[in-house]
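Colleague: For reference, each letter of the sequence shown is one residue, going 1 to 167 in UniProt numbering.
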Amino acid sequence: MARVIDAIAFAAHAHRRQRRKDDEATPYISHPVALVHILSVEAGVEDIDVLCAAALHDYLEDCCGQDGQPTLEQGRALLCERFGAGVLALVEAVTDDKALPKAERKRLQVEHAAHIPEGARLIKLADKTANLRDIAACPPADWPLFRRREYFDWAAQVVARLRGTHA
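#1: Give the DSSP-derived three-state secondary structure of ASP22 in the structure shown.
#2: Check each candidate in ALA130, ALA99, SER40 and name the one with the smallest Cα separation from CYS52.
#3: With a CB to CB cut of under 7 Å and the five nearest residues on each side skipped, what residues in its chain are close to ASP47?
#4: With the cut-off set at 9 Å, would you say LYS21 and TRP154 are in Cβ contact?
#5: Along the chain, where does the alpha helix (DSSP H) that runs through GLU42 open and close?
#6: Could you tell me if PHE83 is buried or exposed, where buried requires 16 or more neighbouring beta carbons within 10 angstroms of its beta carbon?
#7: Answer with buried or exposed for PHE10, where buried requires no fewer than 16 other C-beta atoms within 10 angstroms of its C-beta.
#8: Which residue comes first and which comes last in the alpha helix (DSSP H) that contains TYR59?
#9: Does the distance from the C-beta atom of ALA54 to that of PRO32 stay below 9 Å?
#10: So what does DSSP say about PRO32, is it helix, strand or coil?
#11: Could you give the distance in angstroms between the alpha-carbon of VAL94 and the alpha-carbon of HIS57?
#12: To the nearest angstrom, report how far apart PRO140 and PHE152 are at their CA atoms.
#13: Label GLY75 either buried or exposed according to how many other C-beta atoms from any shown protein chain fall within 10 Å of its C-beta, with 16 as the threshold for buried.
#14: Any idea if HIS166 is buried or exposed, counting beta-carbon neighbours within 10 angstroms, 16 or more meaning buried?
#15: Should VAL4 and ILE123 be called a contact, given that it needs their Cβ atoms to be closer than 9 Å?
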């Protein structure tokens with residue numbers, strides 16, 4: 001469990017300047033913590049690598065590769081050194097390539113969902129669950145109803161491709 005707490009602390013520091021898109025601009029760390037909660041408390045997942053990767057799932061995508069941030073290569077090396085190759089592999093399996101246009105990233109999430117490892121499927125399912133709960137309870141300030149429906153429809157496509165995951 002100490003590794004999971006370390007992963008949450010690492011994520012909290014890495015995401016410290018980021019906020020969710022809701023009206024309250026909730027600190028971003030609430031999202032990785034929600035994934036760990038969904039997996040450990042609600043789904044009974046005990047795999048420490050999966051729980052660590054859930055806490056770190058947005059690190060490469062959102063905390064590496066921009067000005068003043070580690071490069072993607074540095075971020076990968078840091079995750080591997082601190083949390084192990086297994087955690088890094090899971091994080092990489094759920095990381096979008098930010099160099100691609102958003103529509104292409106979303107298409108690839110649907111396409112790749114059926115082919116990612118089981119632990120990554122659990123993380124992806126928890127990610128969609130947390131996002132859908134947040135959108136239903138406190139949607140992004142600038143998202144009209146049609147935009148929320150589009151997200152729900154797209155998330156349903158991703159989840160449909162994750163079939164076989166028992167969470």
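Idealized CB from N, CA, C, for every residue including glycine. Computed from a predicted structure; not experimentally measured.
Modeller: To lay it out plainly:
#1: strand
#2: SER40
#3: GLY119
#4: no
#5: Segment: none, GLU42 is in no alpha helix (DSSP H) and carries neither H nor E.
#6: buried
#7: buried
#8: 59 to 63
#9: yes
#10: helix
#11: 7 Å
#12: 13 Å
#13: buried
#14: Unreliable placement is indicated for HIS166, whose pLDDT of 48 sits below 50; the coordinate value is still reported in the next sentence. Looking at its Cβ environment, which holds fewer than 16 other Cβ atoms inside 10 Å, HIS166 is exposed.
#15: no
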